[in-house]
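Let me begin by presenting the structure, written as structure tokens, before commenting on it.
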Amino acid sequence: AIRSLTGETVSIRGAGRTDSGVHAMGQVMHADLSKEWKIYTLRNALNAHLRMAGERVAILDIVEVDASFDARFSAIRRHYLYRIIARRAPLALEAGRAWWVPKDMDHEVMHAAAQTLVGRHDFTTFRSAHCQANSPVR
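All residue numbers for the sequence shown refer to UniProt numbering, where the first residue is 1 and numbers rise by one.
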């Protein structure tokens with residue numbers, strides 16, 4: 001959409017990535033454009049291009065940032081929401097957006113297990129060999 005609108009081939013960087021089957025809400029991206037745009041004009045024009053292309057994404061906001069800003073490395077936090085729906089009936093509206101467990105679950109045991117994730121932990125074991133984070137502690 002950016003190239004169609006601006007004629008520029010630009011690199012677009014996201015704050016993170018999503019794995020297959022994962023949905024991003026509120027994904028922060030950045031692109032460096034050579035021409036100045038009115039923010040609302042750029043947002044509306046990009047959304048029109050995306051809509052006409054049949055894309056199922058929308059740009060909610062555009063903010064002009066300092067040249068040193070990088071969507072990935074300037075992020076100060078990330079928020080993850082995991083949805084588990086435990087019921088016999090299959091998912092309709094939430095299909096593909098939640099994990100369907102077609103049987104009862106012990107909510108107290110699930111909550112106790114989730115509490116082990118709260119706080120700061122060393123994630124060295126889960127890091128890629130090419131990880132660029134300063135520390136494995138999160």
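For every residue, glycine included, the Cβ atom is placed at its ideal position computed from N, Cα and C.
Would you say residue i and residue j are within 8 Å of each other, going by their C-beta atoms?
i: residue 71; j: residue 26; result: no
i: residue 59; j: residue 31; result: no
i: residue 138; j: residue 120; result: yes
i: residue 76; j: residue 62; result: no
For residue i, does the count of other Cβ atoms within 10 angstroms reach 16, so buried, or fall short, so exposed?
i: residue 93; result: exposed
i: residue 163; result: The question about residue 163 has no answer, for the chain in this structure spans 1 to 138.
i: residue 117; result: exposed
Taking DSSP's pairing of strands, which residues face residue i in a bridge?
i: residue 14; result: 29
i: residue 122; result: 137
i: residue 86; result: 101
Considering only residues of the same chain and omitting the five flanking positions on each side of residue i, which have a CB-CB separation below 8 Å?
i: residue 8; result: 2, 33, 34 and 35
i: residue 29; result: 12, 13, 14, 15 and 71
i: residue 53; result: 1
Give me the Cβ distance between residue i and residue j, rounded to the nearest whole Å; I'm assuming they're in contact under 8 Å.
i: residue 99; j: residue 87; result: Not confirmed; about 12 Å, so no contact.
i: residue 5; j: residue 46; result: 6 Å
i: residue 78; j: residue 16; result: 6 Å
i: residue 123; j: residue 102; result: Going by Cβ atoms, the distance from residue 123 to residue 102 rounds to 31 Å, so no, they are not a contact pair.
Give every residue of the same chain whose Cβ lies closer than 6 Å to the Cβ of residue i, excluding the five residues on either side of it in the sequence, and list them in chain order.
i: residue 110; result: none
i: residue 66; result: none
i: residue 125; result: none
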